[in-house]
Structures are given as structure tokens and as C-alpha cells.
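Participant: Structure incoming, see below.
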Amino acid sequence: MFNLFTHNKSRIFNKYKNTIRQINDLSDQMESWSDYELKLQTQRFKKRFTAGENLDEILPEAFATVKAACKKVLGISLFDVQLLGGIILHQGNIAEMKTGEGKTLTAILPAYLNTLSGNAVHIVTVNDYLAKRDSEWVGTIYQGLGVTVGLIQQDISHTSRKENYQKDIIYVTNSELGFDYLRDNMSIDKEDLVQTGFHFCVIDEVDSILIDEARTPLILSGPSQISTNKYELSNNVCQKLQQNIHYEIDEKARNIALTDLGITYCERQLNLSNLYDIQNPWAQYILNALKAKELFTKDRHYLVRNNEVIIVDEFTGRVMPGRRWSDGLHQAIEAKENVVIQKENQTLASITYQNFFLLYDKLSGMTGTALTEAQEFKKIYQINVIEIPTNKPCLREDFPDLVYKREYDKWVAIANECYDMYSIGRPTLVGTTNVEKSELLAKMLDTYQIPYNLLNAKPENVEREAEIIAQAGQLKALTIATNMAGRGTDIILGGNAKQLSKFIVIQTIIHGLKSFEKFNQLDNLSSNNKEIYDILNNMCEQIEDNLQNKNDLILWIEEAINPKSNLTSSNTAIRHAYTNICSIYEESFRVNKDKVLNLGGLHVIGTERHESRRIDNQLRGRSGRQGDNGSSRFFLSLEDNLLRIFGGERIVGLMNTLQIEDNIPIESKVLSSSLNNAQKKVESYYYDIRKQLFEYDEVLNSQRQAIYAERNRILYSDYIRDCILEYAESTIDEMIRYYLNNEGKQEQRPIGITNKLKTILNLPEEIINSSLVNMEIGNMKPFLQEQFRITYDLREAYLEQLRPGLIRQLEKYYLLQQIDKAWQEHLEKMTNLRESIGWRSYGQQDPLSEYKNEAFALFLNMITSIRETVIYLVVRSRLVIDSNHKQK
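Quick note: the sequence shown uses the working numbering, first residue 1125, plus one each step.
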């Protein structure tokens, strides 16, 4: 926990004010420098670092150089609080910076500084859109300083992926970064590796990635051969089961348990003698089917699109294509929705976000909301959360919550609030918790005949995400958005002229000449309509051949309107159209901003308290950016999940006692305080889940690091023979030790060792029978090691005759293949162990301690198995060459 006085915002600023003043003075001097002089700075800094200066000593000049480059390239002067944020990030902390304070530009400062050491810097974002947007926007600053920028996207080729990881600064999503790590550690050729190491990382929306997503590990999987028939049968059975008779739901823990009656009923329906039979397990299928039925709701937790179940991220409201729930839950939901049930996947490799990001030498992050989770960041990631003061005081007014008895009355009140705001022209942002609720409000507003923009996980809305959010500050704008976490686009009061102008140009070209009359934004261009129409008409005629690929076209248009790009004959018309449209909107939006501010700024409406206070704060934080005024209000009902599950009965009793009517809300600070306590309970519960996941994965992580280190040793080794001999020596040691412990005293010949020596080491039977009969145990080890070397030399000579260099390839192939196969089987055993270990607590045993002990035994068995299998395969390999000298 942080001491209020130690981490007071003003004290943090005062601590670094001399450094910030030094940066500003140096930056002022550099403003007159040429592009070439600024670019030379990077080489000068690198020479100083090589000569022995550390990055802290170079920091003031490096930050000043970035600030000067930012002013020259983007025309933006970095605030002092952004410089402070950069210092905090460089030191390996989390900088809590409010929405609109310029986190994207803040990240440039420590990223540039840390590239001077020669190591790559990773800037991690929550989605591909933000990674691409940020890399392109600030990439021009890096390029002006002679720093290369890479971008990793989900759909790029392996070659492009490898090339981009070679850059100085890489923009990438957390999932792509993690999956690339797992894939690298399954490669059988070092040329297939794409990543270059883990040195310094800046995580945008750090709470979303390290807290929210840390509940679920990253899993790289492949198809399993398990039949999907059980999912359909389980779904059919579960439709007949009744709550509180056959099963009970624990909503707080989001868990379901079968009653004795339910177990009996399921066994009778499935014609089983034991639902929990290990040889024919059905219990997990039934429980997953019940979870799919009761706990997972369509259009809230998932969408069904193109006959496929797609997960919706509950924290950001975004769809997560390609991601699947594990342990058969996804298949259970597919059975429930009657879509094609995909085969269950077998885990090939996995890692938790906690252990993955702990691979970095230095980890930092930024977000608008992290202080509520400061304790977890410190305990698990060993990083501090430091609150950065805002550039201008926050003038937003957060009104107390309004609590209604019934949910229906709450939604009526929200619709009325929207109508009132629209009537006076004040922009309003409504945050909902799921797709279903956002569409409910949309239908209610339709009856009021109020225009609105809807942003939720539906694909038709996602494509317009940036455009919708960018214009949410316009006069009379009404925006409904599902969970505002990590949207990454600023809401500018009055409207965002540049975003809207770019959107008009892009959409006009994409729709083509025939669609002008359909594109109603052109109606807003007042008296200049004819001139703009002529410009766009001329523009479309010039680039008609380029309308084939939408994404390429958008990139081309964005490049054309960039004032820093070179003008060509094909993009002159685009630049001219964009500039004219922008000038028209900038003037009208400037006037509109003053009107909006006079009306009170952006008004934010929350429709339900989220399980995490951070998500509520992120929604509130959309209003009152950069000193603008604004307000927020949450509308709640006693039927909301949070109130219903965590103590709503007392409030119901109070309202009944006071005889409060259904449509009259309660407004009380005491009530808001009790809601905060309820949220703290939920946060604490989820923290325990993440902590438990981390503790159990720590056991697996030490094993994972040992296996991956061994893989890398083999992968980068040019002479594997020594590794095989080392494996053989260890195997001989283990065999002798085993038979001594299990088959008699030292002076007796261990009879059982004979068969294993013949089988695994492929030693001649005559040598074993004649030489080991009267040999002392002390002489047995060096004798067997020498005999194996002779056997191996003969095997090597035989294979070298058939094809030179083949033995080295076989050694590496068998080693990596068997390590991967054994590791996959080990992961499955560890999963089964973890699922069953909880029962040990009933025997007064600590499940975690038991898990550690048994996991260690499993790991030793796996290592022994790998060694013996690899030796067996290498010494017994046969090669057949056909008439064309091809390997059979």
C-alpha cells in the first residue's frame, strides 16, 4: 500500500522539478536546430552510453531531444506532467495519468531513452487498432531521430514478424507478444525464432492487461481427438435440470454445484453408475453445460456470428476473435447455441501474463486508473504505482448515484436524462455493461425520436469506433458505448475536425461517385458544398483504379493527408479536399466548443456499477479532460447484479420501510459508500483468483524456464553429440542408483539392470552378460559410459556413411521433438493434478504444498523419460535410401 504523504502528487512533481526545468531549457535551445542536427543526437547518446555513462545521466538531454522533435514534427509541445510521466516510466513504475493527458506521447520519452542501450523496447497495447494507430502517429518522431519502429499485427507473415521484432521500438498487443514467445519456444530451427529478448516494456492500459486479463493464462493449443458427442448429450440433460432442485448457483464465485438429487438424475439420464468415474468422466461436461446455461449470456459474454461463438471482452466490450474458453466451456456454449462444436484443444504451451511480463528486465506501464490495485502491482510485479498530477485542474463534478427499486424505472430515468441533455444540446456519453443493455436503451431512445450513435461489440459498430468516440463531444451528440475501458480516442468538446474530415474523405472515396447523395455528412458543409463536391468528384476520378483493397486505400489516403508526406499528382486532390473540409469544420467546432462548455461540458451517464471501480472511473474520466468542465452520474437499480448479490436486501428493506415509490430514487452518500465496499469485495475476490493462479503457475514456471533453457541450449548448439552423451551418463547414473535402491546390496549384481541397458542404450548383450557378472559397483559406471561411447561412435559412423551431417540433424530433431512431446503431456498431467489437488484440504493438507511436491515428482519423471527416449531413438535409428537417394 502507498503512504499518502510519500506519494502525494505535488511532492512527486517537486522531487523532479529541477530535472524537468533542465529538460525544458535544453529543448528551448534545440528548437532552432535542423532535422539533421536532431537526428545526430541519437548517435552521440549511444557513444556516451558505450563510453560508460548510464541512461539516467543521459535522460535530460534525451528527453529534451524528443520534446524538440515532437514540436517540430507534430507541432505539439509536451507538458511538464508528460515529462514527469516519462521519468516515472523509465524508472520501472506505473504512471497513473488521467484520460486526455497524453499517455501515447509520454511513452515516447522512456522508449527512446532505453533504445540507446542497444536493446529493443516493447510498447504493448490492448488491441491491433491502437498498436497500429500509435506506431504510425508517433513513428514520424522516432524516424526523425534515426530510430526504427516495428509493428506486430495478428495477420502479418512470419517473415514480416521477424523483421519487425528486429526494430528498435516495437508496438505490439499483449496477446501477440505472449503467443510469439510460446511459438518461439516450440521452434525446431533457430531461424524460425522471431523475438530478440525482453529488456524494457511499456504497457498501455496496464491495469487492463496485468489485472483484468491476468485471470486467464495464455494457451497455445492444437486439436485434440476427444469426441464432441458428450457436449450435445450434456446440453440436452441440463435443459431438464432445475435450479435449487438439481443444482445450486453461487453467483459471487460464478460457480455451480450439483445436488445429490441432480447427480442421481444425471446418472439415470446418461445410464451411468458413477458420474465422477475417472475412466469415463461426465461431471465436467455437465457442469460446463450448466455454466453455459446459467452464467454465460448471449450478447453479453459472447456473440454468435457466422455460426461461430465469439468471446466479448467484459472489460472493454470488444470482440476477441480466435480466443476460446478452455476446459470444454467453449464447446458447451457452442452446444447451447446449436452451432458447430469445434474439437476440444490440447494445450501445447501456456504461460500466465504474470510470469510472462516478469521476464522483462524492466517493466513499466501507464493507465488512468491503477491506484485501486496498487497493492497487487507491488506484490506480484514488484512495481510501484505513482499518480501523476493533471496538466490542468479537473473540473468534473461527480454526482451521487441514483438508486431505483426496479430496473425498468432506472432505464426510464436514463432515457429521460438523455432526452433532457439532448434538448439543451449538451453532449452525453452513456456507458452500458453489455450489448443487450445498449440495444435496450437504443430502442427506448428510438421511441423518443432522439438521434444517437451506438458503439458495442457488434461488427457493424466496431468498424466506426474511432469515428464515433472522436465526435462524442459535438453539440447534441448522444453516444451509447459498451464499457469504455481502453478506447484510446480522445473526446474533444465541440467536435474533432481532423478526425471527421479524414472520415469524410475516406468514406466518400470508398462509397464512390454514385454514393455522394447517400453520404449525409456532406450536408454539413454549408455554403461550401459545391466546392467540396467538385474537389471530391475530381479526386475520385483520379484514383478510381485504387478502390480494390479497402485497407490499402485507407492507408494511402492517410498518407496523402499527412502534411509531412510528399505531394504527388495522385494525392494532391486528396490533400486539397481534406484541408478545405478541415478548415470549415475547425471554425464551426471552435464556436461549438464554447457552447458546450457553457452548457456544462460532456455529461457521462453510468447505467450500472461494474465489478471493478477502475472501469467506473475510466467511464467518468472521459469527461473533464485537460481542464474542461463536465459531470457524471450513475443510475442504479436494486435488480442490478452487484446490488442484488452484495447486500441489496437491506436497501430494499429500507425503501419498503420508508414506503418509497418505485419511480422515486434514493440519492445518498452512505449508499454510494456501501456500493464502493461491495466493489472492493468483488475486487478482493478476483485478486484472490489471480493470486492463486500466480502461485500455482509459479511452480510450473520454474519448470517451464528449465525446459525452455534446455531447448535454447540445443537450438543454438552446433554440436549436439555432447548433449546426447551427457543424457546417456545421467541415464546410466539413474539406472544404477535405482537398481541399487530396489534390488539389493552393493556387493550383489543388480540383475534387473541388464534388460534396461539392452533396451535403452542398445549395448551388445554379450558385453553386458560377460563383463557385468563379477564387476564391482564402483567400476560399473565408467565401464558403461565407455561402452556407450563406443556404441555411439559406431552408430555415428554408420549414419555418416549414408549421408554426411545427418547424425547431427537427427540428434537435434529427436531432442526437440521429445522435449516438446513430453512437455505437452506434462502440462496435461499438471492440469489434472491442479483440478484434483483441492480435495486434499479435506484431509487437513495444504493443497499448494501438495501440488509443489507432486509437481516436482512429475517433472523428474518427465526429465528421465526425455533422456531415455532420446537415447533410445538416436542409437536405434535406421535410414533407408531409395534409388533416388531420398530419405525414407
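Where is the CB? At the ideal position from N, CA and C, for every residue including glycine. Note that the structure is predicted; figures quoted are calculated from it, not measured.
For the alpha helix (DSSP H) containing D1522, list its first residue and its last residue.
Facilitator: From DSSP, D1522 is part of no alpha helix (DSSP H) but of the beta strand (DSSP E) over L1519 to D1522.
Participant: Going by DSSP, what residue range makes up the beta strand (DSSP E) through R1991?
Facilitator: No beta strand (DSSP E) contains R1991, which is instead part of the alpha helix (DSSP H) from P1971 to V1999.
Participant: Going by beta-carbon coordinates alone, are H1370 and L1357 separated by less than 8 angstroms?
Facilitator: It is not a contact, given that the beta carbons lie outside the stated cut-off.
Participant: Could you name the residues that DSSP lists as bridge partners for R1429?
Facilitator: Paired residues: E1432.
Participant: Comparing alpha-carbon positions, which option in E1900, Y1820, N1903 and S1562 lies nearest N1977?
Facilitator: Of the candidates E1900, Y1820, N1903 and S1562, the one whose C-alpha sits nearest the C-alpha of N1977 is Y1820.
Participant: Could you give the residue range of the beta strand (DSSP E) that holds L1757?
Facilitator: First, the amino acid is wrong: residue 1757 is Arg here, not Leu. It spans N1753 to S1761 - the beta strand (DSSP E) in which R1757 sits, taken as one unbroken run.
Participant: At what residues does the beta strand (DSSP E) containing A1605 begin and finish?
Facilitator: Here the beta strand (DSSP E) through A1605 covers L1602 to T1606.
Participant: D1423 to E1563, Cα distance in whole Å?
Facilitator: Computed Cα separation, rounded: 10 angstroms.
Participant: In whole angstroms, what separates the C-alpha of D1401 from that of E1949?
Facilitator: Those two C-alpha atoms are separated by around 21 angstroms.
Participant: Report the rounded CA-to-CA distance for R1913 versus I1327, giving the unit in angstroms.
Facilitator: Those two C-alpha atoms are separated by around 52 angstroms.
Participant: Whole angstroms are fine: how far does the CA of L1427 sit from the CA of S1547?
Facilitator: Computed Cα separation, rounded: 34 angstroms.
Participant: Which class does A1188 belong to by DSSP, given the choice of helix, strand or coil?
Facilitator: Three-state DSSP puts A1188 in a helix.
Participant: When we look at the beta-carbon of E1924 and count the other beta-carbons within 10 Å, is it buried (16 or more) or exposed?
Facilitator: Exposed.
Participant: Quick check: R1121 and L1411, are their CB atoms within less than 8 angstroms of each other?
Facilitator: Any answer about residue 1121 is impossible in this case: the structure gives the chain only from 1125 up to 2012.
Participant: Given 8 angstroms as the limit, is there contact between the region 1293-1303 and the region 1470-1487, that is, 3 or more CB pairs closer than that?
Facilitator: The answer is yes - the region 1470-1487 touches the region 1293-1303, with three or more Cβ pairs under 8 angstroms.
Participant: Given I1333, which residues of its chain have a CB within under 7 angstroms of its CB, disregarding the five upstream and five downstream residues?
Facilitator: Within the same chain, I1333 has close Cβ partners V1248, V1250, N1298, I1327 and Y1477.
Participant: Identify the residues that DSSP records as bridge partners of K1467: which are they?
Facilitator: Answer is none; K1467 lacks a bridge partner.
Participant: With H, G and I counted as helix, E and B as strand and the rest as coil, what does DSSP make of E1735?
Facilitator: In this structure, E1735 counts as coil in the three-state DSSP scheme.
Participant: From this set, R1520, F1758 and N1359, which residue's C-alpha is nearest G1452's C-alpha?
Facilitator: Residue N1359 is the option with its Cα nearest to G1452.
Participant: Give the range of the alpha helix (DSSP H) segment to which A1381 is assigned.
Facilitator: Where A1381 is concerned, there is no enclosing alpha helix (DSSP H), although the beta strand (DSSP E) it sits in stretches over N1379 to L1382.
Participant: CB L1162 to CB A1188, shorter than 8 angstroms?
Facilitator: No, the pair does not count as a contact, with Cβ atoms beyond the cut-off.
Participant: Pick out whichever of R1991, I1790 and S1736 has its Cα sitting closest to the Cα of N1800.
Facilitator: Nearest option by C-alpha distance: S1736.
Participant: Quick check on this structure: which residue in K1222, D1812, A1605 and A1566 has the alpha carbon closest to the alpha carbon of T1556?
Facilitator: It is A1605.
Participant: Specify whether the region 1753-1761 and the region 1513-1527 touch according to this definition: at least 3 beta carbon pairs, one from each stretch, less than 8 angstroms apart.
Facilitator: These segments touch.
Participant: For R1873, which three-state DSSP category applies?
Facilitator: In this predicted model, R1873 has a pLDDT of only 48, less than 50, meaning its place in the structure is not dependable; the value taken from the coordinates is given anyway. Correct three-state label for R1873: coil.
Participant: Which same chain residues end up closer than 7 angstroms to A1946 when comparing Cβ atoms and leaving out the 5 residues on each side of it in sequence?
Facilitator: Result list for A1946: M1986, S1989 and I1990, in chain order.
Participant: Roughly how far, in whole angstroms, is the beta-carbon of Y1840 from the beta-carbon of K1415, given that I think they are within contact range, below 8 angstroms?
Facilitator: Actually they do not touch by this definition, with Cβ atoms about 45 angstroms apart.
Participant: Run through DSSP, which three-state label would D1451 get?
Facilitator: It is coil, neither helix nor strand.
Participant: Using the DSSP secondary-structure output, state which residues sit across from Q1367 in a beta bridge.
Facilitator: Paired residues: Y1371.
Participant: Taking DSSP as the reference, what is the three-state secondary structure of R1135?
Facilitator: Three-state DSSP puts R1135 in a helix.
Participant: Would you kindly report the start and end of the unbroken alpha helix (DSSP H) that includes V1205?
Facilitator: Note, V1205: alpha helix (DSSP H), D1204 to H1214.
Participant: DSSP on T1552, reduced to helix/strand/coil?
Facilitator: Reduced to three states, the DSSP call for T1552 is strand.
Participant: With distances taken Cα to Cα, identify the nearest neighbour of K1503 among G1176, T1571, F1818 and E1992.
Facilitator: Of G1176, T1571, F1818 and E1992, the residue nearest in Cα terms is F1818.
Participant: Any idea what DSSP makes of T1118, helix, strand or coil?
Facilitator: The structure shown does not extend to residue 1118, since the chain spans only 1125 to 2012, so no value can be given for it.
Participant: Between which two residues does the alpha helix (DSSP H) holding G1268 run?
Facilitator: Counting along the chain, the alpha helix (DSSP H) containing G1268 begins and ends at D1252 to G1268.
Participant: By the DSSP assignment, the beta strand (DSSP E) with Y1295 in it spans what residues?
Facilitator: Looking at the DSSP string, the run of the beta strand (DSSP E) that includes Y1295 is I1293 to T1297.
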